[in-house]
Every structure is written in structure tokens, then in C-alpha cells.
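> Take this structure first; my questions come after.
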Amino acid sequence: MSLFIKHQGQGKPLILLHGWGFNGDIWNEVAAQLALHWRVYQVDLPGHGRSSMCEYTLSTLTETLAAHLPKEAVWIGWSLGGLLAMAVARWQPASVRALGLVSTSPRFVTADDWPYAMTPAVLQQFAEQLQTDTLGTLQRFLALQVKGSEAARQQLRALSALLKKTSPPQSQALHAGLKLLQQTDLRPELSQIRCPALLCLGGRDTLVPVGVGEYCQRWWPSLRKVCIKPAAHVPFVPLLGEGNHKGLPLHYITVCRGNPTCKALNLMALGRCPWL
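Residue 297 in my numbering sits at position 161 of the sequence shown, with consecutive numbering throughout.
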């Protein structure tokens with residue numbers, strides 16, 4: 137298959153994985169900052185952006201990503217991309233030096249023992265709507281991702297503009313990605329991930345509630361978490377206006393104005409956090 141990878145900067149490798157329905161360009165602002173210190177690889181996941189499709193099983197995706205990208209890299213993944221980054225760290229450990237996880241979870245749907253997620257009915261509804269209205273469904277998903285954010289309106293405009301700049305993901309990839317989110321449960325694997333990791337969560341995220349962080353820390357001793365209180369599911373898209381750094385420790389604040397997540401990931405990647 138053909139995996140599209142955009143790279144910039146010099147130094148040790150750092151990999152950025154996007155979430156469902158997007159492509160690597162969603163990381164442009166963060167990538168520009170990280171590229172001051174790192175060789176940054178922005179990946180279009182299979183069937184998204186400029187990458188061709190492949191079999192959408194967790195094992196195939198992790199093997200494909202590991203085969204196309206440098207070893208001993210820092211992997212940063214958002215949402216679905218974070219789920220895949222965790223899987224690479226678990227089953228392709230030579231590929232991963234450290235993880236930066238943004239608004240992601242080992243399990244994306246609720247269960248009797250897992251309240252920190254969407255109900256299965258929400259993802260099923262998106263899957264059904266994709267059959268007749270792909271662009272409309274993606275737009276509704278954008279609205280859900282920014283819901284609750286202090287800058288929801290501005291973020292929705294920015295994300296909508298980005299979505300319109302590129303071709304939509306292949307229909308097969310969208311359906312397969314939703315199925316992966318519906319069926320994957322990495323909770324039993326957390327204790328087997330050995331690399332250090334930082335989990336950035338939005339305090340107002342309705343898709344990945346902050347309770348995910350406390351659960352993961354119990355089973356993953358090397359994981360540390362940061363909660364960006366005014367953010368929802370896309371905390372790395374700039375939060376505009378006053379108070380956009382509430383809840384963030386001072387040593388994480390602003391490498392680029394209005395984007396504390398970028399600072400947190402930068403420090404994590406540079407090894408300037410005490411747990412690295």
C-alpha cells in the first residue's frame with residue numbers, strides 16, 4: 137500500500153497520527169512547533185487523505201505503521217490515532233520511545249464496567265448516517281468533538297475549513313475506522329506498555345471523559361496526565377480568549393499562543409518532563 141507521510145525538521149523522529157475522518161494536516165500547527173527540535177512525520181492513516189486503503193484490523197494497521205515509520209520514535213496520537221499509537225507501543229515496542237496521547241482512550245464505547253466513553257448507539261448512528269450523507273455525518277461529528285469547549289464556535293470553523301481543503305476519507309476507511317472504535321478494547325494491554333507516556337485530556341470532552349486518565353494510571357504506572365479544563369475533544373486546536381490555560385501547570389504554558397497542548401507535547405518529546 138501507499139502511506140502518505142509529510143516530514144519536516146531535523147533531529148530524532150517524532151510521529152503524529154490523526155483521528156477518525158481527518159488527515160495529517162490537522163497537526164500542522166503542532167508540527168511546525170515540534171519541528172524546531174525534531175524530525176516530524178505527519179501521517180495520513182490508510183484510506184484517509186493521500187494514503188491508499190489497507191485491511192483495517194488492529195494488527196494490520198500497527199504492522200503497516202511500524203513498517204513505514206522510523207524506529208525508536210516518539211509517537212503522538214489523537215483519538216483514533218492515539219488508540220493506534222498505544223497498539224504500536226504494545227505490539228511493536230521497538231518502534232516507540234515514548235507516547236504522547238491526546239483525547240484518546242483504550243476503549244471508545246461504554247460497557248457495564250466502563251462509563252468513560254460514548255454509548256455504542258452513538259457510533260452506530262454515525263455508521264448508519266454515513267451510508268447516505270458522508271459529508272454531513274463528518275460535519276456532525278465535528279460539532280460533537282468541540283461541544284463544551286470555551287472556543288467551540290471558532291474551533292468548529294477551523295476544523296470545517298480544514299475538512300474542506302482535502303478530499304474526504306474513503307468510505308471504506310470511515311466505516312472500518314468506526315468499527316475499530318466500536319470493537320477495540322486495549323484495557324487488558326495497558327500494563328504491558330513499557331514506554332513513558334503523557335495523556336492530554338480536555339476537561340469538557342464528551343467523547344473521552346477525564347475519568348479515562350485516572351483509570352489508565354492505575355494500570356499503566358509510567359503514564360502521566362494533563363487535563364486542559366476549558367477544552368473538549370480537540371485541545372490542540374487553539375483555544376481563543378481569556379482563561380485558555382486554566383488547569384494547566386505553569387511549566388506547560390504556551391509555546392504557541394493559545395495552544396497549551398502543543399507546549400505539553402513539546403516538553404514531553406524533548407524529555408524535559410520528570411518521568412522521561
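Built from N, CA and C at the ideal position, the CB exists for glycine as well. Since the model is a prediction, treat every value here as computed from it, not as a measurement.
My understanding is that Ser239 touches Leu337, with C-beta atoms under 8 Å, so please give their C-beta distance in whole angstroms.
Within the sequence shown, residue 239 is the residue found at index 103, counting from 1. Within the sequence shown, residue 337 is the residue found at index 201, counting from 1. Indeed, because the Cβ distance is near 6 Å, the residues count as touching under 8 Å.
> I'd like the span of the alpha helix (DSSP H) that includes Gly217, first residue to last.
Stepping through the sequence shown from its first residue, residue 217 is reached at position 81. Taken as a continuous stretch (DSSP letters only), the alpha helix (DSSP H) holding Gly217 covers Leu216 to Trp227.
> Classify Gly157 as helix, strand or coil using the three-state DSSP reduction.
Translated into the one-based positions of the sequence shown, residue 157 becomes position 21. Coil, per DSSP.
> Roughly how many whole angstroms lie between the Cα atoms of Thr255 and Gln146?
Along the sequence shown, read from residue 1 onward, the residue named residue 255 stands at position 119. Along the sequence shown, read from residue 1 onward, the residue named residue 146 stands at position 10. Using only the alpha carbons, I get a separation of about 42 Å.
> Output needed for Gly217: all residues of its chain with C-beta closer than 6 Å, excluding positions within five of it in sequence on either side, in chain order.
On the sequence shown, residue 217 is found 81 positions in, with the first residue counted as 1. So the list reads Leu153, His154 and Gly155, once near-sequence residues are dropped.
> Taking 9 Å as the cut-off, decide whether the C-beta atoms of Gly284 and Thr342 are in contact.
Along the sequence shown, read from residue 1 onward, the residue named residue 284 stands at position 148. Along the sequence shown, read from residue 1 onward, the residue named residue 342 stands at position 206. Their beta carbons are under 9 Å apart, which means Gly284 touches Thr342 by this criterion.
> If you draw a straight line from the C-alpha of Lys207 to the C-alpha of Asp180, how long is it?
Taking the first residue of the sequence shown as position 1, residue 207 is located at position 71. Taking the first residue of the sequence shown as position 1, residue 180 is located at position 44. Rounded to the nearest angstrom, the two C-alpha atoms are 18 Å apart.
> Starting from the C-beta of Lys148, find all residues in its chain whose C-beta is less than 7 Å away, skip the five residues before and the five after it, and write them out in chain order.
Reading the sequence shown from its first residue, position 12 is the one you call residue 148. Excluding sequence neighbours, Lys148 sits near Trp174 and Arg175.
> Within the continuous alpha helix (DSSP H) that includes Lys300, where are the two ends?
Reading the sequence shown from its first residue, position 164 is the one you call residue 300. Unbroken alpha helix (DSSP H) run through Lys300: Ala288 to Lys301.
> Is Tyr351 helix, strand or coil when you go by DSSP?
Along the sequence shown, one-based indexing puts residue 351 at 215. It is helical.
> Go ahead and pull the three-state DSSP assignment for Val391.
Looking up residue 391 in the sequence shown gives position 255. Residue placement at Val391 is poorly supported in this model, since its pLDDT is 31, which falls under 50; the coordinates are not used for a value here.
> Taking the alpha carbon of Tyr192 as the reference point, which residue from Leu317, Glu325, Val348 and Arg360 has its own alpha carbon closest?
Stepping through the sequence shown from its first residue, residue 192 is reached at position 56. Looking at the Cα atoms, Leu317 is the closest of the given residues.
> So, at 7 Å on beta carbons, what are the nonlocal neighbours of Arg233 in its own chain, with the 5 sequence-adjacent residues on each side left out?
Looking up residue 233 in the sequence shown gives position 97. For Arg233, where only same-chain residues beyond five positions count, the Cβ hits under 7 Å are Glu208, Ala209, Val210 and Cys331.
> Report all residues from its chain with a CB closer than 6 Å to the CB of Gln178; omit the five preceding and five following residues, and keep chain order.
Locating residue 178 in the sequence shown gives position 42, counting from the first residue. Same-chain partners within the cutoff: Lys142, Leu152, Gly160, Trp163 and Ala167.
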